[in-house]
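Numbering-wise (the numbering used here), the sequence shown opens with residue 2 and increments by one.
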Amino acid sequence: MSDFLTGEQYELTAGPYRAVITEEGAGLRELTHDGEPLVLSYDADEPAPAAFGQLLIPWPNRVDRGRYTFDGREYQLDLSEPELDNAIHGLTRWAAWSPVEQRPDTVVLACSLHGSTGYPFRLDVQAEYRLDVESGLTVTLSAANPGTRALPYAHGMHPYITVGEPLDACTVRIPGSLYQPVDDRMIPVGGPKDVAGSEYDLRDGRVLGPQKIDIAYTGLRRGADGLARVRLAGSRRSTSFWLDGAQPWLEVYTADNVPAQSRRLGLGCEPMTGPPNAFASGVDLTRLEPGAEYRGSWGIAAG
């Protein structure tokens, strides 16, 4: 048993790659390539700041005032973002996850949610972190409904990819052709808009400069392999992030309100199965029937 605040630390290695996964929340605390950080990290004995590397289950982003209706019943989630009167980033990121499988390059951790007043459903989740000498880190999240009735489900993750220098001088390429406008409480307003001609059009890549971004993209350009890719390139090196088709949404955040030592040094790349407020709006919300499963993958690599 670990005495660290974030619990047991699961260290993975494969060639030039090294990762550290925490018992608390099954979060990605560190990821390096040849000793260079690929994500913003934090100390094992502190809570993850600004959701660094956390898994977001059973909803990513926000639920407006924590209220939603599912199958004709109304529910009230705890307001975990009280300053904006929202419920944010799900229920599992501070829970202890149990190891299911462990090898030098792989760890599988599991967590079971039992019913609560705001989410009275049973949900079993497993997160597999796997390192590969060539392709880097792959994360696969699996969710299953072991209960007796359908449940609302969405997931995401909150890594901040980095090249070790300020974003302002970096070239950023984001595959989204649509973006979702939000109000001052970060809740969607209307439907997605075309990025063409807007400040959010980074499909072909450009130097970011002082631009601030905290927005969800969709309509993601995908390759022949079905993957959408973000690339962050600095003066010395680059870091890439990919997500598969199980996540049609991607929140991008320029780390403007994180601890000062990390501010604008990483780009939040958050794969999401649905947009902000999906529990309330129903947009791309997954209905998970008893016995059903949902799975999605994403990853991070140098270059």
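Virtual Cβ for every residue (Gly too), placed ideally from N, Cα, C. Just so you know, these numbers come straight off a predicted model, no measurement behind them.
The beta carbon of threonine 141 sits closer than 8 Å to the beta carbons of Ala128, Glu129, Arg131, Arg296, Gly297 and Ser298 from its chain, once the five residues preceding and following it are set aside; these are given in chain order. Put simply, of Leu124, Gly220, Gly16 and Glu9 the residue whose alpha carbon is nearest the alpha carbon of glutamine 103 is Glu9. For the pair arginine 66 and proline 153, the CB atoms are not nearer than the 8 Å cut-off. Under the DSSP definition of a beta bridge, methionine 273 partners with Gly157 and Trp250.
DSSP, read as helix, strand or coil, puts alanine 256 in coil. Taking a contact to require three or more Cβ pairs closer than 8 Å, the segment 244 to 253 and the segment 26 to 44 do not qualify as touching.
Contact between leucine 244 and proline 272 holds, with the beta-carbon distance rounding to 4 Å and staying under 8 Å.
Exclusion of the five residues before and after isoleucine 214 leaves Val253 and Thr255 as the residues of its chain whose Cβ lies within less than 6 Å of its Cβ. In this chain, the alpha helix (DSSP H) harbouring serine 282 covers 279 to 282. The three-state reading of DSSP puts leucine 168 in helix, counting H, G and I together. Serine 241: member of the beta strand (DSSP E) spanning 239 to 244, first to last residue. With a cutoff of 8 Å on beta-carbon distance, proline 100 and leucine 110 are scored as near each other. Pairing cysteine 270 with isoleucine 188 gives a Cβ-Cβ distance that is not under 8 Å. Beta-carbon to beta-carbon, glycine 54 and proline 160 are separated by about 5 Å, close enough to satisfy the 8 Å threshold. With respect to the C-alpha of isoleucine 216, the residue from Ala45, Ser143 and Pro61 having the closest C-alpha is Pro61. In the structure shown, proline 193 adopts coil according to DSSP, grouped into three states. Across the structure, glutamate 290 and alanine 52 are spaced so that their CA atoms are roughly 29 Å apart.
In the structure shown, the three-state DSSP call for alanine 52 is helix. Under the three-state reduction of DSSP output, serine 263 falls in the helix class. Judged by their CB atoms, isoleucine 22 and valine 108 are nearer to each other than the 8 Å cut-off.
One thing to note: leucine 179 has its Cβ no nearer than 8 Å to the Cβ of leucine 32.
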